[in-house]
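Terminal number for the first sequence in numbering that gives the first Met the number 0: 610, no gaps in between. Take a look at the structure below.
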Amino acid sequence: MSDLKRGLSEAVAAAFAAAGLPAELGRVTPSDRPDLADFQCNGALPAAKVAKRDPREIAAEVVANLTGDPRLASVEAAGLGFINMRVSDQALSARAAEIAADPRLGAQAVETARKVMIDYGGPNVAKPMHVGHLRSSIIGESLKRIYRFRGDTVLGDAHFGDWGYQMGLLIGAVTDEDASIAALVEQLNAKGEVSDADEAAAFALFDAKVSLADLDRLYPLAAARGKTEPDYRDRARKLTAELQARRAGYFLLWRHFAKVTKVALERDFHALGVDFDLWKGESDVDELIKPMVEDLEAKGLLVEDQGARIVHVAGPNETKKKKLPDGSVVVVPSPDPLLVVSSEGSAMYGTTDLATILDRKQSFGPDHVLYAVDQRQADHFEIVFRAAYLAGYAEKGSLEHVGFGTMNGTDGKPFKTREGGVLKLNDMIVMTRDKARERLHEAGLGAELDPDTFEDTAHKVAVAALKFADLQNFRGTSYVFDLDRFSSFEGKTGPYLLYQAVRVKSVLRKAQAEGAEPGPIVVAEPAERDLVLLLDAYDQALIDAYDKKAPNFIAEHAYKLAQAFSKFYAACPILSAEPAVKASRLALAQTTLRQLEQALDLLGIAATDRM
RNA sequence: GCGCCCAUAGCUCAACCGGAUAGAGCAUCCGCCUUCUAAGCGGACGGUUGCAGGUUCGAGUCCUGCUGGGCGCGCCA
């Protein structure tokens, strides 16, 4: 079973072949001119070039070969050589019946399933998530669902940043601030072996004294000092190396950091409906690093440079000019080398990334790994991927950075609140949910729904608003974060989509109450034709989203489908129609609902029953 | 200095290998609730696709240059 576009493409390809022209020119697309056609083929235009003939003549010949196709109500050559096709009502009705009978609602699975890992490039330990973190989690979540739905085996890994320099900074800052913690940490460090009782006592003290809010407050200060004060920085680096060497006191304190962060992250991710299959972090590959470094050394890839150890990843002719601090310009390899071991002996960002690639190869063996991470890290991933290919840790081309743009404020710079701080993701969710509650009361649903359902509905509306506002943008480009737009419920928004689903459900409930059943679909009205054409376009939207790793194709389809339904709803009465028409429209409405809910699910958006 | 990305309606964004009249939403204005949920529907207004060249029968899309903006460039992640 295939969509109309594909079916027609085969027919048009055959018609081209019959005319002695390359069959691949028979590619059919939805028409740019809905007033003239449902589908079109532009193949006669390039054909004219190779065949040195008039495109209109070619189009006419292809049209002649197509005439009589039962699916087509009309087929004609138009304009400069376009082939316009209008699908018959019977063919649309038949296609609608196919989609209605299909658990996948007309969307096909991939031919060969792969094992895919999605790396969410997770947030860092000790920092609350702000609105900028929305993107990687919801894009990653949506891609995971899309890939899984297409038939791949997919694992999503949060991949937290929990093992680097920022941990050394925090250990320093926390012990500086509180003498009792500093004393306990020193004591544990000296002791080396830590008993269960020691551990419990330590966590009791840490729990009492160090919250996420403290870490959030201390980190920016420590980071700033690290930049300006070399001594402070060097101590943080040493602390990082000591943590990575698992000095008992530092390690316990670090485990506390990770714990308080995880509680907040779980709350935020859960609220967004984002689930990770793996809650791994950089620290999880720590034990792989030493053997990996030895392996890189054995393979002759690791070289000493300015006290650090690096892997060169540039090819022989890949160079760039670089300006040195003294103003002179030198030619250096490009891309930059991968820094594997710092001069303090600690693992770097790229080191843990490389070890993670190795870890995944051993544990899961993915055919493909997608990194849903900020576009700004493109160079970094290029370097890590090259190193992984050189070392044989991944098959060339199997690692892919699915970059996305940053979320900027209306001034074009990374988003800040009016007060100059970052807007925390949780605050954003709470704010939008409050607005959804207000709106539900206005609509008179406050009293009708029981409190739990009411709360659940408000939450779903809020999440739909936030996610759809982001996912409707192509992931690659930066966009402006506008609070009003993200918490808007009218127009091209998540709540609009939920609302259309709610209207269908309401009609279906009433139909059921009066004993009316969906029946055979018979397409007749223009609004019905348009709706079925949209239902038919689902497969292509899914293919585009999959191939381009871009959920906005699904978002666009869901919106257009909801819009087509809304027009159908306004133009075609359902319950008051005569029995056969009523049964047909009920079936159309039900099929639309199922596809809409499925598309929303692929975006990670949950539907509601009433709103 | 070198490199990557971006520039489309007043605003925020789309646009399927280069194809007909570049589409949505918001905002503004005008209509539509005694019939299935008005978080809706219909209509109007709104464009020299940053600028200048080039390739092509045809360019928002490809190439070159320029302007403007964002980002990155080994011991943060």
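Even glycine gets a Cβ: it sits at the ideal position worked out from N, Cα and C. These numbers come from a predicted model, not from an experiment.
Tell me the residue span of the beta strand (DSSP E) that contains residue i.
i: E303; result: L301 to D304
i: P45; result: No beta strand (DSSP E) holds P45; the alpha helix (DSSP H) holding it covers A43 to A50.
i: P332; result: V328 to P332
i: H556; result: Where H556 is concerned, there is no enclosing beta strand (DSSP E), although the alpha helix (DSSP H) it sits in stretches over N551 to A570.
i: T116; result: Correcting the residue type first, residue 116 is Met in the shown sequence and not Thr. Its beta strand (DSSP E) spans residues K114 to D118.
i: T152; result: T152 to D156
DSSP has residue i in a bridge; who is on the other side?
i: F38; result: P29 and M84
i: A346; result: V340
i: M427; result: Paired residue(s): none; M427 is not in a bridge.
i: R308; result: E303 and V340
i: E75; result: N83
i: T318; result: P332
i: E399; result: L369
i: Y478; result: M406
i: N123; result: G160
i: L277; result: D156
i: H129; result: K423
Taking the C-alpha atoms as reference points, what is the distance between residue i and residue j?
i: A354; j: S505; result: 53 Å
i: V580; j: Q511; result: 16 Å
i: A99; j: A10; result: 24 Å
i: P494; j: A569; result: 19 Å
i: H400; j: T174; result: 38 Å
i: D68; j: A554; result: 33 Å
i: Q539; j: G306; result: 53 Å
i: A125; j: F256; result: 6 Å
i: A263; j: E437; result: 26 Å
i: S486; j: F148; result: 29 Å
i: Q374; j: A557; result: 26 Å
i: V27; j: N41; result: 8 Å
i: A446; j: G171; result: 54 Å
i: R52; j: A549; result: 39 Å
i: E192; j: A247; result: 7 Å
i: F268; j: R528; result: 40 Å
i: L465; j: A93; result: 37 Å
i: T481; j: M427; result: The identity of residue 481 in the sequence shown is Asp, whereas the question assumes Thr. Rounded to whole angstroms, D481 to M427 spans 12 Å at the Cα level.
i: D88; j: V521; result: 8 Å
i: T318; j: D335; result: 9 Å
i: F135; j: K491; result: In the sequence on display, residue 135 carries Ser and not Phe. If I take the Cα positions, the gap works out to 22 Å.
i: R308; j: G603; result: 42 Å
On the premise that residue j lies in contact with residue i, defined as a C-beta separation below 8 Å, what is that separation, rounded to the nearest angstrom?
i: M128; j: P122; result: 5 Å
i: V312; j: I382; result: 6 Å
i: F159; j: G280; result: 4 Å
i: N407; j: F473; result: Rounded, the Cβ-Cβ distance is 15 Å, inconsistent with contact.
i: L168; j: Y218; result: 7 Å
i: A371; j: I138; result: 5 Å
i: L44; j: N83; result: Wrong, their Cβ atoms sit about 13 Å apart, outside the cutoff.
i: D156; j: F15; result: Wrong, their Cβ atoms sit about 47 Å apart, outside the cutoff.
Considering just the uninterrupted stretch of the alpha helix (DSSP H) at residue i, what are its terminal residues?
i: L599; result: P578 to L602
i: G493; result: G493 to A512
i: D535; result: P525 to D535
i: E225; result: It is worth fixing the name first, because residue 225 is Gly in this sequence and not Glu. G225 -> alpha helix (DSSP H) spans L211 to T227.
i: Y388; result: A377 to A390
i: D455; result: P450 to L470
i: L204; result: D195 to K208
i: M261; result: Here residue 261 turns out to be Lys, not Met, going by the sequence shown. Residues A247 to L271.
i: P54; result: P54 to L65
i: L613; result: Because the chain is modelled from 0 through 610, residue 613 falls outside the range shown and cannot be assessed.
i: S8; result: L3 to A17
Taking 7 Å as the cut-off, is the C-beta of residue i nearer than that to any heavy atom in the ligand GTP?
i: A36; result: For the structure depicted, the ligand GTP is absent and the ligand set is empty, with no information on it obtainable.
Which complete alpha helix (DSSP H) runs does the stretch 134-184 hold, if anything under 4 residues is left out?
Entirely contained in the stretch 134-184, the alpha helix (DSSP H) runs reaching 4 residues are, in chain order, 164-176.
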